[in-house]
Amino acid sequence: MVSLRRIASDFRVFGRGYLRNKFGLFFGLIFPVMLILIFGAIFSGNSSGTINVYVQNQDIGPFSTPQMDIATAFINALNSSGTVLLVPVNDTENFSNYLAEHSASDGIVIPQGFSESYLTGQQVNVTVYGNPTASTSGIVSGTVYGVITQFNLKYYNPNASSIIGMTSTTVNTEQTKYVDFLIPGLIGFSILVSPMFSLVNISSEYKKTKLFKQLSLTPLTKMEWLASKVIWYVTLTVSSFLLMVLVGIFVFDAHITLTIWLIPFLILGPMLFSSLGMLVGTVTKNPETAGIIGNIVTFPMMFLAGTFFPISSMPQYLQNIAQLLPLYYIIEGLNNVMVYGNYNGAIVDLVVVTIITVFIFLAAIRVFKWRED
Amino acid sequence: MTLRVVLTVDPIEVTSLKKIYGDIKAVDGITFSVSKGEVFALLGPNGAGKTTAIEIMEGLRKRDQGNVKVLGFDPWKEGHKLHKKIGVIPQDFTFFEKATPREAILYYSDLFGVKTNPDQLIKEVLLEDSDKVLFENLSGGQKQKTGLALALVNSPELLFLDEPTTGLDPNARRAIWEVIRGFKAQGKTIVLTTHYLDEAQQLSDRVAIMNHGQIVAIGTADEIIEQHGSGERLEIQGTEELANYIGENTELVINYNEGIISIPLKQKIDALAALAAAEQSKLDWGEIRTRRDSLDDVFVKLVSGMVDEHGEIIFENSNGSNI
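Protein sequence lines, in the order shown, are assigned to chains U and C.
For the first sequence, the positions run 132 to 504 when our numbering is used.
For the second sequence, the positions run 40 to 362 when our numbering is used.
Shown next, in the form of structure tokens:
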């Protein structure tokens, strides 16, 4: 029978010890904030050079000659502008939903019959999607307007008004700044590092010093012991989260959304890595090996799971590797909630994180032994 | 009229206990029991199997063969019930570094779900001067006292103390003995392991000497000396030549080792015969005395060597040359 009194007591004694250890407190709370300040300051200039713009070409023909495919010529002209990087979207997709799902704010839709209208001199409009508050929105509109003008000049008819026009549609998704990625990334970093290193260390040390054996002589159970550690690291993670968000908003003017959706990630994350740390500390023979294995498990996640840089900026093969790392889904989930407002994506991440967490937690409890056979 | 039959069961009953690790028989078929209120010491060098045996009794290790009942429980299968009734200081007791003894006591009280008066426990283990010092800053003796206090939190009827004074300085050892004597005075049953002979003699009612996983002697110190000691003997300081002379001119058994001629005495008059031969030899001889084996002598004989303060055998026993 799990006893809350025992969990609370173990939580108190562990938490007090943690707070008395200035080193742990520094790495748990202060270090991630320092990282935000350092990385935020380094990359506070602008977002990436080229802007990703999603394009849906609904004018797919058929055309009797390739020269009659004006839509493709229009897209090629946009591409050659150098300011935008076009990402094609299948014409069967609902474009607004597609943008939301991909957490994108900039897009262009070329309507059906675009080429025919152009060739016959009938008015036709290209729709530009954008978020007016984002700095990229103006750049995309300007680029599209430039290409439209170029096309209109080619079909110069002094009597006709411009053939190609532009309509704008506002989307809610915002173009993100580096610091917007950095905050969820470093919250993920904090979720990973503190519980993981601490539990690897504690569980291997307690095994070596036989403190676990000693605790096994009390009514405290393995489950209660781990539960109190998880609660402690959830508390620490929430504190660290609040600090980082405050610094992000007030120092770097980060655009992040705070909703109730963050809660499951802030609970499951520390639970996952406390359990994983304990698992590593338990299966290894001594603290030295535990430290090495702990590093081997932790370091790839620390750098590849989207902590310091958005995953999308990495080469594809690294992105594939990243998807094997549990932290990836936590950081992606946090990004989906805090930055993109993409809750469908967040649910998928949450499901993955829940499954991994439950599995690792149960494995840690099962493998972890108070006593020896 | 009703007839009440009271069955007294010993708190600890161990029968043919075995624990084997690969080729090593850590505990090799030991049998003993400990009575209520008794202080029982398992004495032996490192590797004798003391800790394995005590940990099996505490429910920390699983036995391979034999029977163990502690307070009527199977320690391995019913550990959770047993642990509420026993107090334990494991070997090399340690605690959370950043907690004080007082916090440790309150923590254990919460875990056991009992109300404790920390002041009283701290006083009982003589820790008043350092109850608010972090565990990492306590001396070895103070750490052990913290362990003793924790072992008492649940008011146990049975205490297991695994090498409670190993590595402590003489003053700290005596202080711990004082605390253990206090427990004994309260009528608690105590099982302790030690490799210090004086500790076993000072504290325990009965001793079991362990070597290579087996109990080689068991009983009170006097009983062990009686059973395994060599009885009274005459010792004469002299040369090997003198030893040979006495051997040739009497019917006595003579042992010679490093300037001491040792002669077991079957009867008192044997001493007279030996001394007469010594006088007759015209050789020089020094101090004479008669003595019996002490527990030290028996221990050295039984474990084939002396142990140092860490429990390691420092030299193999040699019984001298038999003439």
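Every residue, glycine too, gets a C-beta built ideally from N, C-alpha and C.
As the structure is a prediction and not an experimental result, all values here were calculated from the model.
Out of curiosity, what's the CA-to-CA distance linking E318/C and N294/C? Within the model, the alpha-carbon separation for E318/C versus N294/C is close to 18 angstroms.
Would Q345/U pass as an interface residue toward chain C - the criterion being a Cβ-Cβ separation below 8 angstroms? At least one CB atom of chain C sits nearer than 8 angstroms to the CB of Q345/U.
T196/U versus G476/U - alpha carbon distance: Taking the straight line joining both Cα atoms gives about 42 angstroms.
Which residue spans inside the stretch 211 to 258 of chain U form an unbroken beta strand (DSSP E) run of at least 3? Within the stretch 211 to 258 of chain U, the complete beta strand (DSSP E) runs of at least 3 residues are 215 to 220, 238 to 241.
Can we say the stretch 238 to 258 of chain C touches the stretch 82 to 94 of chain C, given the rule of at least three CB pairs closer than 8 angstroms? When Cβ pairs closer than 8 angstroms are counted between the two stretches, the stretch 238 to 258 of chain C is seen to touch the stretch 82 to 94 of chain C, the count reaching three or more.
What do you get for N361/C, buried or exposed, if any count of 16 or more other CB atoms within 10 angstroms of its CB means buried? With a pLDDT of 39 at N361/C, under the threshold of 50, the predicted position of this residue should be treated as unreliable, though the coordinate-derived value follows. N361/C is exposed by the Cβ-count criterion.
Is it right to say Q181/C is buried, meaning 16 or more other beta carbons lie within 10 angstroms of its own, or is it exposed? Q181/C comes out buried.
Express the C-alpha separation of E419/U and E265/C in angstroms, rounding to a whole number. Looking at the backbone, the Cα of E265/C and that of E419/U are separated by about 51 angstroms.
For Y337/U, which three-state DSSP category applies? If DSSP states are grouped into helix, strand and coil, Y337/U belongs with the helices.
Would T214/U and I182/U be called neighbours here (beta carbons separated by less than 8 angstroms)? Judged by their CB atoms, T214/U and I182/U are nearer to each other than the 8 angstroms cut-off.
Pick from T485/U, G261/U, V414/U: whose alpha carbon is nearest that of N332/U? Measuring from the Cα of N332/U, the nearest candidate turns out to be V414/U.
Look at the Cβ atom of Y471/U, then the Cβ atom of A436/U, and state whether they are nearer than 8 angstroms. A436/U is positioned such that its CB atom lies no closer than 8 angstroms to that of Y471/U.
Would you mind sorting N358/C into buried or exposed? The rule is 16 or more other CB atoms within 10 Å of its CB. Note that N358/C has pLDDT 44, beneath the 50 cutoff, so the model's placement of it is unreliable and the number below is only indicative. So N358/C ends up on the exposed side.
Assuming R331/C is part of the alpha helix (DSSP H), what are its boundary residues? Element bounds for R331/C: n/a, residue is neither H nor E.
Among P114/C, R141/C, P195/C, which one has its Cα closest to the Cα of Q225/C? Closest option to Q225/C, Cα to Cα, is P195/C.
Segments assigned alpha helix (DSSP H), at least 4 residues, entirely inside the stretch 301 to 326 of chain C: For the stretch 301 to 326 of chain C, whole alpha helix (DSSP H) runs of length 4 or above, ordered along the chain, are 308 to 320.
Starting from S321/U, follow its DSSP beta bridges and name the residues at the other end. DSSP output for S321/U lists no bridge partner at all.
Helix, strand or coil for R497/U? Go by DSSP, reduced to three states. R497/U: helix per DSSP, three-state reduction.
Secondary structure at N473/U, three-state DSSP: helix, strand or coil? Reduced to three states, the DSSP call for N473/U is coil.
In the DSSP output, which residue or residues are listed as bridge partners for F79/C? DSSP output for F79/C lists V230/C, R245/C as bridge partner(s).
Hey, I206/U and N188/U are a contact pair by Cβ (cut 8 angstroms); roughly how many whole angstroms apart? Yes, I206/U and N188/U are in contact; Cβ-Cβ is about 6 angstroms, under 8 angstroms.
With distances taken Cα to Cα, identify the nearest neighbour of N106/C among I69/C, T133/C, E94/C, K120/C. Taking only the C-alpha atoms, the option nearest N106/C is I69/C.
Close Cβ partners of F440/U (< 6 angstroms) along its chain, the five nearest in sequence each way excluded: For F440/U, same chain residues with a beta-carbon under 6 angstroms away, outside a window of 5 residues either side, do not exist.
Please say whether T185/C and E271/C have beta carbons closer to each other than 8 angstroms? Taking C-beta atoms as the reference points, E271/C and T185/C fail to come closer than 8 angstroms.
Is any beta-carbon of chain C found at less than 8 angstroms from that of N183/U? Interface with chain C (8 angstroms Cβ-Cβ cutoff): N183/U is excluded.
Residues near G76/C in its chain [Cβ-Cβ closer than 7 angstroms; skip 5 each side]: Excluding positions up to five away in sequence, the list reads G226, T228.
Cross-chain neighbours of V127/C in chain U, by beta carbon under 7 angstroms: When 7 angstroms is used as the limit between beta carbons, V127/C is near these residues of chain U: L348, in chain order.
Taking CB distances under 8 angstroms as the criterion, tell me whether V349/C reaches chain U. What sits at residue 349/C in the sequence shown is His, not Val. No - not a single Cβ of chain U is within 8 angstroms of the one on H349/C.
R102/C classed as buried or exposed, judged by whether at least 16 other C-beta atoms fall within 10 angstroms: Buried, by the Cβ-count rule.
Cα-Cα separation, H119/C to E217/C: Their Cα atoms are separated by approximately 30 angstroms.
C-alpha gap between K344/U and K116/C, whole angstroms: Cα to Cα, the separation comes out at about 16 angstroms.
Would D62/C be called buried (16 or more neighbouring beta carbons within 10 Å of its own) or exposed? Under a 10 Å Cβ-count criterion, D62/C is classified as exposed, with fewer than 16 other Cβ atoms of the shown protein chains found around its own Cβ.
Does any residue of chain U bring its CB to less than 8 angstroms from the CB of E196/C? Chain U contact via Cβ: absent.
With distance defined between alpha-carbon atoms, name the residue in A138/C, E94/C, V78/C nearest to L150/U. Looking at A138/C, E94/C, V78/C, the one whose alpha-carbon comes closest to that of L150/U is A138/C.
So with Cβ pairs under 8 angstroms, would you call F112/C a contact of chain U? Closer than 8 angstroms: no.
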